[in-house]
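Below: one structure, written as structure tokens.
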Amino acid sequence: QQEYECIMSSLTLYTETLSRNLDDNEAQEDTAGEIKEIEDEGVQVLAGFEKIALALLRSDSFVPIDLLDDMGWTLLMQAANCGAASFVHALVHDFDADIEKRQHNHSLGTPALARAIDAGHVDVLGDLCNAAMANAVFKYKCDDDEAADDEVHTPLTLACRGGHENIVSFLLGQGTVDVNLKLPDSEDSALHIAVCFDMEAIVKLLLQHPTTDINATNAQGYTAAFGCSNAALVDTLLSHGLDSTIEGFQGETLLDMALALGDEDVATIVCTRLEADALAAVATNQSS
40 QQEYECIMSS
50 LTLYTETLSR
60 NLDDNEAQED
70 TAGEIKEIED
80 EGVQVLAGFE
90 KIALALLRSD
100 SFVPIDLLDD
110 MGWTLLMQAA
120 NCGAASFVHA
130 LVHDFDADIE
140 KRQHNHSLGT
150 PALARAIDAG
160 HVDVLGDLCN
170 AAMANAVFKY
180 KCDDDEAADD
190 EVHTPLTLAC
200 RGGHENIVSF
210 LLGQGTVDVN
220 LKLPDSEDSA
230 LHIAVCFDME
240 AIVKLLLQHP
250 TTDINATNAQ
260 GYTAAFGCSN
270 AALVDTLLSH
280 GLDSTIEGFQ
290 GETLLDMALA
300 LGDEDVATIV
310 CTRLEADALA
320 AVATNQSS
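For the sequence shown, my numbering gives the first residue as 40, with consecutive numbering after it.
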């Protein structure tokens, strides 16, 4: 596993260096064969790692399947992180690997399911997602930003953060997933996270789910639209029934927030919606 990670790390560094130093696309295309060789070698190493690990497990029934390595990961977490579907399946079904095991045995440690979601491996989720894990809360840190703080997530909010539409669809299809579950402290829902990271396609997926509460508020009393600078996204939320008159804990509305942030397009859309709602209310009163 360490050799595989070393190869992939070298590949990433190699491609980043090329992007910085090459002046034309043609020169970069000339390196495609070399990059492909490195990728193929990494895949072979991973396949070998899987075969050796399974052989060792089959040779000794007393091998602790959920043993933690120096990073606090189990073998299942490693397999999930790599998206090795057959490996994950064998570990879970043949060797009873614990899918609820947490990194470092910490109560908020990252489980194998979260490793798979973060890496975008939808093919392994069926073996990793049970009723307990579907709404599990865990700490997550973005590996792409060393200065990033720990974030608290559920499987669904992490998938929303990463923009993994297929994984969001999978999770929403699980009857045990609570689409409106609020994260500790922030009390953000999956919809808040999807809007925050400007994931328009995922927002639409969430809005199509029958139990999504479009007016869910977080610890500040904000709906998902508060602070959003994407006018089209705000319009989508409003057209699906978002209440633009909801106030935050300091009495501020969605319009107040848009004006304070200088989001004129958002403010215009909100004003248009408020005017339409006012006219509709007048018409209703007159007809009654």
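By construction, the Cβ of each residue, glycine as well, lies at the ideal position given by its N, Cα and C atoms.
Go through its chain and collect everything with a Cβ distance to residue i's Cβ below 6 Å, but skip five positions before and after it.
i, result
"C267", "V234 and V273"
"F236", "R200"
"V305", "A270, V273 and A297"
"A330", "Since the first and last residues shown for the chain are 40 and 327, residue 330 lies out of range."
"T251", "V218 and L245"
"L211", "H248"
Which of the three DSSP states, helix, strand or coil, is assigned to residue i?
i, result
"F236", "coil"
"E73", "helix"
"E314", "helix"
"K178", "strand"
"V321", "helix"
"E190", "strand"
"K221", "coil"
"Q213", "coil"
"C199", "helix"
"H160", "coil"
"N169", "coil"
"H248", "coil"
"E226", "coil"
Return the chain-ordered list of same chain residues with a C-beta closer than 8 Å to the C-beta of residue i, the five sequence neighbours on each side being excluded.
i, result
"T292", "S283, T284, I285 and E286"
"V309", "V273, L277, S283, L293, L294 and A297"
"G201", "I156, D157 and G159"
"V131", "L115, I138, D166 and L167"
"V176", "L147, V191, H192, T193, L222 and P223"
"T275", "E239, V242, K243 and L246"
"D189", "K178, Y179 and K180"
Enumerate in chain order the residues of its own chain whose CB-to-CB distance from residue i is below 7 Å, with the five nearest sequence positions on each side excluded.
i, result
"V163", "A119, G122, A124, V127 and A155"
"F288", "Q259 and G260"
"R312", "L277 and S283"
"A229", "L195, T196, C199, V218 and L245"
How many Å lie between residue i and residue j at the Cα?
i, j, result
"L147", "L277", "35 Å"
"E204", "H160", "11 Å"
"D302", "N324", "33 Å"
"I253", "C199", "15 Å"
"D227", "T196", "9 Å"
"G290", "K140", "43 Å"
"R97", "D137", "17 Å"
"V216", "S326", "43 Å"
"K180", "A173", "19 Å"
"I91", "A151", "20 Å"
"E89", "I104", "14 Å"
"E76", "V82", "10 Å"
"G280", "S208", "22 Å"
"L318", "T307", "17 Å"
"V321", "A315", "10 Å"
"I232", "Q213", "19 Å"
"N257", "S225", "6 Å"
Residue ranges of each alpha helix (DSSP H) within the stretch 251-306, 4 or longer: 270-278 and 293-299
Three CB pairs or more closer than 8 Å across the stretch 102-113 and the stretch 71-86: no
Ranges of the alpha helix (DSSP H) found wholly within the stretch 77-153, counting only runs of at least 4: 114-121 and 124-132
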